[in-house]
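Numbering (the numbering used here), first residue to last: 373 to 532.
What follows is the structure in structure tokens.
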């Protein structure tokens, strides 16, 4: 059975690349605890924000450019927290700060953008984070990658 895309896999890969010096994320320009890495290695623009303390990636939020909605850019978002730092507010902190960074950075070029998160119906912890961040009722869907039941969260971010 094909599994849903798991952002924890990206966090583990990011941690390894960071430790080995294969990636060098930059400090975010506005006051936050995050670092940022932008690339197009796998195709569309990918913006990865991470909370790193003492060389350990505690949490990550990854934004991938997707199709536009009514001519407004859309970013699919995935987030994960290292197992040692769960239930400590790390996911919410990374999400809130990364959205602020996206708003500040992209706001110079676009007035607004959408964020979308697709979360499996069994992933209750991520659903709780999404409810805090997206603040809207999710739409029940079937995940296009795995075919499994999921919830789609959508939020319009105003930059100006």
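Every residue, glycine too, gets a C-beta built ideally from N, C-alpha and C.
Residue 488 beta carbon less than 8 Å from that of residue 449: yes
For the beta strand (DSSP E) that residue 434 lies in, which residues bound it at each end? 428-441
Meets three-Cβ-pair contact criterion under 8 Å: the region 457-471 and the region 504-519: yes
Suppose you measure from the CA of residue 431 to the CA of residue 462; what does that come to, to the nearest Å? 6 Å
With residue 491 and residue 526 assumed to form a contact (beta carbons below 8 Å), what rounded beta-carbon distance in angstroms separates them? That belief does not hold up - the Cβ atoms of residue 491 and residue 526 are roughly 12 Å apart, past 8 Å.
For residue 397 versus residue 437, is the C-beta distance shorter than 8 Å? no
Could you check the C-alpha separation between residue 417 and residue 482 for me, to the nearest Å? 15 Å
Output needed for residue 378: all residues of its chain with C-beta closer than 6 Å, excluding positions within five of it in sequence on either side, in chain order. none
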